[in-house]
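Step one of this worksheet: look at the structure below.
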Amino acid sequence: MTRLDELFASTRAEGRAALVGYLPVGFPSYEQSVAAMVAMVESGVDFVEVGVPYTDPGIDGPVIQVAVDAALRAGTKVAQVFDAVRAVSAHAPAVIMGYWNPIERLTPKVFAQRLKDAGGSGAITPDLIPEEAGAWLEAAKEHDLDPIFLVAPSSTDERLEVVGRTNRGFVYAASTMGVTGTRDTVSNRAEELVARTRQHTDLPVAVGLGVSNGAQAAEVAGYADAVIVGSAFVRALQDGGLDAVRRLAADLSEGVRRKA
Amino acid sequence: MTIAGAAPELPDKSGHFGPYGGRFVPEALIAALDQLTREHEKALHDEVFLAELDDLQRNYAGRPTPLTEAKRFGEAIGARVFLKREDLAHTGSHKVNNVLGQALLTKRMGKTRVIAETGAGQHGVATATAAALFGFSCTVYMGEEDTRRQALNVARMRLLGAEVVPVTTGTRTLKDATNEAFRDWVANVETTHYAIGSVVGPHPFPMLVRDFQRIIGVEARQQLLDRIGRLPDAAIACVGGGSNAMGLFHRFITDEAVALVGCEAGGDGVETGRHAAPLTAGEPGVLHGARSYLMQDDDGQTLDTHSISAGLDYPGVGPEHAWLRDQHRAVYRGVTDVDAMAALELLAKSEGILCAIESAHAFAGAKQWVAEQGRDDLVLLISCSGRGDKDVDTAARWFGLVSEQDIERASAVRAAQE
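Here it is, written out as structure tokens:
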């Protein structure tokens with residue numbers, strides 16, 4: 000069993016959803032980003048999505064765009080992502096969330112090797128689909144990393160089947176047709192997507208895009224195996240520093256245990 | 000017939016030109032890309048579609064565009080030169096060829112809204128035009144930097160009823176406008192078609208846009224045969240994303256004696272790093288949904304680009320160009336701002352044709368290419384991809400034709416009108 004498998008086994012045993020927190024490396028500085036990731040874990044996040052800053056984050060909304068832009072302008076390098084993974088994985092499982100070109104640039108083989116050496120558990124690749132992922136799947140398998148592809152409300156059953164068959168660790172269900180960012184309500188299409196995805200895989204299904212508070216986390220935890228929160232953590236870090244990150248993590252953590 | 004006979008051997012079924020192309024996009028878009036691929040394939044064999052497109056090209060866009068012999072320009076560069084006059088197509092550039100085809104596909108898919116990215120504004124204007132004609136609502140994303148240097152085209156798009164959204168992220172140019180258009184598309188894909196303006200993006204766009212643009216080369220080849228009874232020694236075009244170049248080149252790919260020459264934006268000079276010439280000085284990578292040559296750093300981050308031409312100021316290029324480059328079937332060269340502007344002036348003063356700054360890169364590249372061949376009997380076919388009205392402001396500053404004060408007053412008047 001991989002570290003993620005063990006984690007999901009234990010949250011399932013507790014009868015609750017896992018809480019996943021995202022932050023990009025290097026925002027507002029490398030040190031502060033890592034401190035915030037560790038603070039999230041200390042306040043109830045079960046595992047961390049370590050964001051690889053990228054110049055053209057096509058699926059990200061304004062909050063994350065501004066943060067990764069600042070991280071890159073401050074000189075953040077891909078090498079530091081592995082340092083962050085090493086620091087975080089001492090406390091909780093860490094997966095990276097990274098657009099494809101920085102991985103391809105380093106080569107899938109080297110990227111996978113370095114991610115594994117840093118203690119990483121896997122990679123969420125939002126602009127990579129299984130059909131284009133041959134080299135990555137090979138490298139991930141060699142280094143026992145979980146490749147995590149996305150499904151969306153527009154995914155056909157054929158595609159849910161492909162993603163369900165290819166993924167390891169869990170399936171990332173993008174709750175809404177849209178980019179990352181907090182929303183007043185989490186799309187009701189999320190629940191339907193989770194149900195459809197479950198027809199094609201036994202892997203845990205995590206829901207992301209739009210969750211920003213404990214009440215929404217509780218709602219999503221009612222039907223998903225994990226709740227992924229990104230933009231709300233970035234905003235908390237930006238506006239209120241580590242204290243705000245801790246408060247948000249505690250609120251969300253209470254939410255995934257409450258259930259709607 | 001416009002696109003019948005496209006029957007390309009490339010890309011393959013999954014949209015690859017060798018290692019290039021493909022689909023590197025969020026899963027949310029795959030269903031829409033599959034739908035578009037199916038509609039495009041059906042349309043290629045649908046007589047009704049082809050007749051409708053042919054009618055639009057002929058009676059709305061003004062095709063076939065003329066082939067003009069540029070005698071005085073030719074004398075100046077030492078070759079016989081023929082211009083394919085895409086600047087005379089409706090809306091003032093080749094962009095209309097692609098947009099009319101995509102508008103027909105949009106209608107067939109039952110979508111009611113189109114979005115587009117634009118650099119110089121020519122594709123935005125063409126999309127706004129087609130949207131008006133078809134009754135679609137239309138949003139155009141344009142980098143804030145480009146809305147300033149191409150203010151005239153912003154006004155044109157708004158006059159045509161389009162919403163123009165200035166993009167303030169990243170480098171505030173075409174690359175970021177494209178990111179923003181993709182984000183809009185992900186959120187609105189059920190009602191919206193993203194009319195990509197060049198032979199870039201995820202499959203099927205590089206193929207689809209090429210199929211709608213190849214009419215440039217199909218017409219020009221026949222016109223030249225009719226006029227002088229022979230093929231050119233070279234077909235030459237500017238390359239940003241590469242749609243007018245691919246449109247010109249495609250029919251000539253199997254004419255092995257015809258050199259295909261693409262002219263990228265060399266900016267301040269390729270050696271300075273301040274340019275937009277990925278085929279000349281970039282390396283393979285993935286941007287905006289496809290693998291191709293790319294200007295990137297060691298971490299795979301996209302590099303800032305520089306060109307006086309907003310339409311060429313883009314760090315990527317269409318995947319089929321990457322393939323043609325690697326196969327040595329086409330050659331690509333960087334043309335500096337200085338050389339492009341000199342060619343723009345030469346063409347204007349020798350032929351009475353004020354071309355777009357984008358197209359001027361092809362004229363400058365043609366001059367250099369001829370000088371390298373050491374022959375005086377060459378026949379060139381050059382794509383005059385757009386007209387230069389939109390660039391008069393930039394050119395006036397470049398050549399110092401009007402005072403700073405005049406320029407400021409003029410832009411204040413324009414701003415007040417918007």
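So the sequence lines, in the order shown, correspond to chains X and H. To convert, note that position 58 of the first sequence is 57 in numbering that gives the first Met the number 0; the numbers rise steadily by one, no gaps. To convert, note that position 105 of the second sequence is 104 in numbering that gives the first Met the number 0; the numbers rise steadily by one, no gaps. For each residue, glycine too, the CB sits at the ideal point set by N, CA and C.
- Taking a Cβ-Cβ cut-off of 9 angstroms, the neighbours of THR168 of chain H in chain X comprise PRO61, GLN64, VAL65, ASP68, given in sequence order.
- About 7 angstroms separates the Cβ atoms of VAL19 of chain X and ASP45 of chain X, confirming a contact at the 8 angstroms cut-off.
- Take ASP338 of chain H, set aside five residues on each side of it, and the residues of its chain with a beta-carbon closer than 7 angstroms to its own are ALA363, in chain order.
- Taking each of H:PRO10, H:TYR59, H:GLU38, H:VAL95 in turn and checking the Cα distance to ARG386 of chain H, the smallest one comes out for H:VAL95.
- Taking a contact to require three or more Cβ pairs closer than 8 angstroms, the segment 101-112 of chain X and the segment 287-304 of chain H qualify as touching.
- At the C-beta level, HIS249 of chain H and GLY216 of chain H come within 8 angstroms of one another.
- Taking a Cβ-Cβ threshold of 9 angstroms, none of the residues of chain H is close to VAL19 of chain X; the smallest such distance is about 18 angstroms.
- The CB of ASN212 of chain X never comes closer than 8 angstroms to any CB in chain H; the least such distance is about 22 angstroms.
- Counting only runs that start and end inside the segment 184-268 of chain H, the alpha helix (DSSP H) elements of at least 4 residues fall at 204-212, 214-227, 242-248.
- In the DSSP assignment, ALA342 of chain H falls within the alpha helix (DSSP H) that extends over 336-350.
- Using a CB distance cut-off of 8 angstroms, SER13 of chain H counts as an interface residue toward chain X.
- With fewer than three CB-CB distances shorter than 8 angstroms, the segment 191-208 of chain H does not count as touching the segment 219-232 of chain H.
- Here the alpha carbon of MET141 of chain H sits roughly 6 angstroms from the alpha carbon of VAL164 of chain H.
- Around GLN372 of chain H, the same chain offers no residue with a beta carbon nearer than 6 angstroms, after the five sequence neighbours per side are excluded.
- THR279 of chain H: member of the alpha helix (DSSP H) spanning 277-280, first to last residue.
- For MET96 of chain X, DSSP records a beta bridge to X:GLY50, X:ILE123.
- Between VAL40 of chain X and VAL49 of chain X, the CB-CB gap reaches or exceeds 8 angstroms.
- With fewer than 16 other Cβ atoms inside 10 Å of its own Cβ, GLU407 of chain H counts as exposed.
- For VAL391 of chain H, the closest C-alpha among the options H:LEU151, H:THR117, H:LEU132 is that of H:LEU151.
- Residues of chain H whose Cβ lies closer than 8 angstroms to the Cβ of LEU114 of chain X do not exist, since the nearest Cβ in that chain is about 15 angstroms away.
- Residues of chain X with a Cβ closer than 7 angstroms to the Cβ of PHE23 of chain H are, in chain order, TRP99, ASP126, LEU127, GLU131.
- Here the segment 40-55 of chain H does not lie against the segment 340-349 of chain H, with fewer than 3 beta-carbon pairs under 8 angstroms apart.
- As a beta-bridge residue in DSSP terms, LYS83 of chain H pairs with H:LEU66, H:SER382.
- Under DSSP, LEU293 of chain H takes part in a beta bridge, and its partners are H:GLU282, H:GLY315.
- Scanning chain X for C-beta atoms nearer than 7 angstroms to the C-beta of GLY196 of chain H yields nothing, as the closest lies near 17 angstroms away.
- For MET36 of chain X, the enclosing alpha helix (DSSP H) covers residues 29-41.
- Straight across, the Cα-Cα distance linking GLU30 of chain X with VAL51 of chain X is about 15 angstroms.
- Here ALA256 of chain H is exposed: its Cβ has fewer than 16 other Cβ atoms, across all protein chains shown, within 10 Å.
- Residue contact check for PHE135 of chain H against chain X: no CB pair falls below 8 angstroms.
- Closest in C-alpha terms to ALA243 of chain X, from the list X:ALA34, X:ASN100, X:GLU157, comes X:ALA34.
- Secondary structure of VAL44 of chain X (DSSP, three-state): coil.
- Per DSSP, reduced to three states, the secondary structure at PRO61 of chain X is helical.
- Chain-order list of chain H residues neighbouring GLU103 of chain X: GLY284, VAL285, GLY299, by C-beta distance under 7 angstroms.
- Using a CB distance cut-off of 8 angstroms, ILE95 of chain X does not count as an interface residue toward chain H.
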